Every structure is written in C-alpha cells, then in structure tokens.
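Asker: Quick one: the structure is below, questions incoming.
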Amino acid sequence: MAIYSEHSISIYNSLSSKKELFKPINEGAIGMYVCGPTVYSNVHLGNLRTFMSFDMIFRYFKHLGYKIRYVRNITDAGHLENDADEGEDRIAKKARLEQIEPMEVVQKYTVDFHNILNTFNFLPPSIEPTATGHIIDQIEIIKGILEKGLAYEVNGSVYFDVLKYNESNDYGVLSGRNIEDLIHNTRTLEGQTDKKNPQDFALWKKAEPNHIMRWPSPWGLGFPGWHLECTAMSTKYLGEKFDIHGGGMDLKFPHHECEIAQAKAWHNCSPVNYWMHANMLTLNGQKMAKSTGNNILPDEILSGNTKQLSKGFSPSVARFFMMQAHYRSILDFSNDALVASEKGFLKLMDALKTLKNLEASTAPSDFNVSKWKQGCYAAMNDDFNTPILIAELFNAVKYINQIKDGTNSIDSESLITIRETMQAFVFDILGLQEVSAVGSHDEKLSETIALLISLRNQARTQKNFALSDQIRDQLVEIGIHLKDGKDGTTFSLD
Ligand code: AMP
Ligand code: ZN
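Here the sequence shown is numbered in my numbering, starting from 543 and rising by one per residue.
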C-alpha cells in the first residue's frame, strides 16, 4: 500500500548544503542513480557501507510505496589509476598483473561484488548497466558537447573545456571549489601537454596500441573518460533530469562535478535535483581504501581472519553496525564496536522472538504504540536517520521485555501495530535478518566447538600437548580455525 503521501521526507542535498523537503519530479515515482564499483578488485567494507546506505534508502522508498527506479552502474572501463586522466586503466593494469584478459578481471570482480551483496542481504537495483555496454551513448554525448564548442579534440583524445564552460556556468557548484583556486592548485603533469588547461578532463582518450580495451570512434581508437559513463547511463535510464544521485563523499569532486558539467554542456540542464553523499568508513582513523591497503574485506568480517578482529561476525551484525551511524557521519571500524553491535543486535532479535509470543490484555499500559510508530517514521523522514530509528526500536525492546516480565501490558490493536512496525523497520527497511532460533544447527555447532576448546584447554593445563594439538589440527582439517587471544580462544569457519 502506498503511504508516501502521509510522509514528508527531508534530504540533505549536497548541492545546497542543507536539508530540503523531498519532492520527486513525478508524483509517486523516483529515479535514483548511484555510482557503482570499479570492478578491478574485491569491494572492501568501506565500499559496502556506501552501497548499504543507498540500499537502506531504496528500501525505505519502496516501503513507502514509491515506484522507484534505482540504477547502479558497474564501471568496467575508463577508470584510470589516479581518478584523473593519467595513469593506467585500473582494470587493464590488474589484467596485466594477473596475466588475464581485462574482461576476465571484470567478470571475476563483478561476480564477487554480487556474491557479497547477496550475503549482506542487499536488494538488487532495478537496472545495473555497464560502461562498456554504453560506448555508443557516450560517443553521442561527446559529439553533442563538441557541437556546443565546450570540448576540443587533440591527437585522438577529446577534452572538456572547463574554462570555456565556466564562462556561462558555475564549475565547482557541487564541491564548493572555485575555478581560480583550481587553476592555482592544479599542476601540469608531464605527458599531459594535450590539454589546453590542466583542469580540463578527458571525455575520450586515445588508446595506445597495447591498450586492449578500446573502441572505434570519430576520433580514432580509444576509450571513454570515467566521468562520462555515469552521465550516459543516468540520462539513458532516468532522463535528462532525475531525482536523486548518490555516491560516496569522495566522488563529489571531480567525478560528480564533471557529471554536472557534462550534462549542462550537453543539454543545458542541471541533471539532478538531490545530490546525496555517504560518508566514509575508516579504519584506525584513516579512510578505508583499496589503494593504501587500509581496509577490511567483507569475507574477513565473516571469518574473523584478520588481525583487527577477535572473531567472525554475521552479515546482519555488520549491517547493524553500519546502520547505527547516520549515513553522513564518519564511522570508524573496530573490533570493540562490532562486539557492542553484536550485543545490541542479539538483544533486538531476542525481543522480536519474545514479541511473537506476547499476549494482549486489557490492563493499562504507559507506552503509546502509535506515537512510537510515528517516531520511527519521523527518524527516517529526517534524512534517513537510522541511529535515531534504532534508538526508537530499543524503546520498543524495553517495552516488550516489560510486558514479558509482567510489569507492563499491551492491548490487541497495539500488539498488531508493534509487530507490523518492528517487522517493517527491522527487516524490510534496515535489511537485517533473523538469527536462527535457539537450538539451531549454528548454535549447536558453536556449543560443540566451545566444548572442544574447553577440552583442549584442560589438555594444555595437564601439559598433554599432543592431545591439545590434535584437537586444533583436526578442527583445521574440517575448516574450523581456533584463535588464541588475551580474552580466551575464539574460532572462525572457512
Ligand atoms: P570505487 O569502486 O572505488 O569507485 O568505490 C565505490 C564506492 O565506494 C564509491 O561510492 C566510493 O565513494 C565508495 N567508497 C570508497 N571508499 C569508501 C570508504 N572508505 N567508506 C565509504 N565509502 C567508500
Ligand atoms: Zn559515477
């Protein structure tokens, strides 16, 4: 049932740097584009956080009954090493290092990306287009921008003329940079002499003879610049002007700034009404990044096989951890934070189990369920404030436990409301998944391993190292790894 008309949502728009009332272009329908991964290596937890923020937003809009078309692309060409116009193509470089074809790299990491998203309970986007599937569209846009006189061709490459564009437009409108500062701060790098000005960016790059990912164009064999694909795919599937464009904070400049410039140069229209940027996941206070190696992979969080973690955590615990922070706040990853999230998550799940078995009564209650429900929506309507929503969910947890203990009560109508609302927010919107019931296989396995750990400890105390080693080694053979830490022994599964 569509309930969007009962809710007014405010969204922080990076373009105006303030919260604005959300009004879609077409009533009841939303077009949302989110920059997807460059598939040249495994996604790390930082990437996952950004995609998860938009998964939650997608889920909420769906819950409200909007007809939403969510486009998230796959970058499989054109993204050079340093995000600008120099360096090797990331995918081509990986292919060279691994001695496989670029498209094998793309296939491998696209499959990995989808597997990870499945594990972490993501909803698939409505359309997942690839850059290489839209080369012709990109060439057409370049032709259009050339016709407007806002790009120029040099030696088989085409560059966007930022200074010319800025004469009648505002380059830097999204990132708050002004052109004078940009000119002042950009170095001219060697080998970049093709550009008229260093702040110009490539729409099309001539391919060197050894560059395998190249396509014919009016300017010779080459490949599109990274920023162009998103303009091509968002316009194709969502139109010249659409509602929401999202991505991580680090994409604001130059990527999104260039998208705005391309679209305005091409069809004189600012492409997006609401620009949304998700903040970074950090590790030891530094941004998680592929390039620096300062990152944790989603698989590592599940297995616990990394020095930062004392044990593995379920995908829902990781999701809960991410949702406990607002999408625009920096979030620092740590073992302690995950342990705390796991505790909170299990408490929430316990209360949901209790809720299933509660019985209504006519005794008076001091908890107003319909007001509480409004509070849940109010949190989400205020720029998708999941930490406030979770605080509301814990108000309900407290109430549920009071009813169980007999210190509070609930009438039958409120019981239906609280059950439906918890189901909607916990599972449909936050995307958490129920942990297995008590006595499940998972729990029995954990208890069995705990028993073996305790027998191993006894053997060690008795200096029977042959037995303690045997227990550890035989567990390894079946894919169970024990890890001795200062707080005792934990385990992870292959
Ligand atoms: P990439 O594959 O590098 O283009 O990144 C995919 C998405 O992940 C982009 O939206 C980035 O902004 C985002 N991203 C990269 N690093 C982080 C991080 N440490 N925390 C949150 N999002 C990130
Ligand atoms: Zn993009």
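Beta carbons: idealized from backbone N, C-alpha and C, even for Gly. All of these numbers come straight from a predicted model, not from anything done at the bench.
(1) Using a Cβ-Cβ cutoff of less than 6 Å, which residues in the same chain neighbour TRP757 once the five nearest sequence positions on both sides are dropped?
(2) From LEU648 to SER710, what distance separates their C-alpha atoms?
(3) Which whole-angstrom value is the C-beta distance of PHE855 and ILE843, which I expect to be below 8 Å?
(4) Rank TRP817, MET791, TRP761 by C-alpha distance to the C-alpha of SER558 and give the top, closest one.
(5) Grab me the residues of THR1032's own chain with a C-beta within less than 6 Å of its C-beta, minus the 5 sequence neighbours each way, in chain order.
(6) Around the ligand ZN, what residues have a beta-carbon under 5 Å from a heavy atom of it, in chain order?
(7) Output the distance between the C-alpha atoms of CYS918 and GLN866, rounded to the nearest integer angstrom.
(8) For LEU823, verify whether its CB is less than 6 Å away from any heavy atom of the ligand AMP.
(9) Which runs of the beta strand (DSSP E) fall wholly inside the stretch 610-635 and span at least 3 residues, in chain order?
(10) Starting from LEU745 and walking both ways along the beta strand (DSSP E), at which residues does that stretch end?
(11) Can you pull the DSSP bridge partners for ILE599?
(12) Helix, strand or coil for ASN555 per DSSP?
(13) So, at 7 Å on beta carbons, what are the nonlocal neighbours of THR580 in its own chain, with the 5 sequence-adjacent residues on each side left out?
(14) Based on Cα-Cα distance, which residue from HIS549, GLU782, LYS794, CYS577 lies nearest to PHE564?
(15) Taking 8 Å as the threshold, find out whether the stretch 993-1001 comes into contact with the stretch 1013-1024 through three or more Cβ pairs.
(16) Can you tell me whether GLN916 is helix, strand or coil according to DSSP?
(17) Apart from the five residues on each side of it in sequence, which residues of its chain come closer than 8 Å, Cβ to Cβ, to HIS927?
(18) Out of ASP1011, LEU606, TYR694, point me to the one whose CA is closest to ILE545's CA.
(19) May I ask you to report which of helix, strand or coil DSSP gives TYR1026?
(20) Check whether the Cβ of LYS829 sits closer than 6 Å to any heavy atom of the ligand AMP, and report yes or no.
(21) Just confirm the distance between the C-beta atoms of SER668 and ALA820, as a whole number of angstroms; I'd bet it's less than 8 Å.
Answerer: Taking the structure as given:
(1) ILE677
(2) The sequence as given places Val at residue 648; Leu does not occur at that position. So the two alpha carbons sit approximately 39 Å from each other.
(3) The beta-carbon distance between PHE855 and ILE843, rounded to whole angstroms, is 6 Å. This is short enough to meet the 8 Å contact definition.
(4) Here the closest residue by C-alpha is TRP817.
(5) SER852, LYS853, LYS1025
(6) CYS577, CYS772
(7) 14 Å
(8) yes
(9) Those beta strand (DSSP E) runs which fall completely within the stretch 610-635 and span 3+ residues do not exist here.
(10) 743-748
(11) Bridge partners of ILE599: none, in fact.
(12) strand
(13) By the criterion of a C-beta distance shorter than 7 Å, THR580 is surrounded in its chain by THR617, HIS621, ARG632, once the five residues flanking it on both sides are discounted.
(14) HIS549
(15) At 8 Å Cβ cutoff, the stretches touch.
(16) helix
(17) At residue 927 the sequence reads Asn, which differs from the His that was named. The residues HIS868, ALA921, in chain order, have a CB closer than 8 Å to that of ASN927 in the same chain once the five nearest residues on each side in sequence are set aside.
(18) LEU606
(19) A quick correction: the sequence has Asp, not Tyr, at residue 1026. Correct three-state label for ASP1026: strand.
(20) yes
(21) Rounded, the Cβ-Cβ distance is 19 Å, inconsistent with contact.
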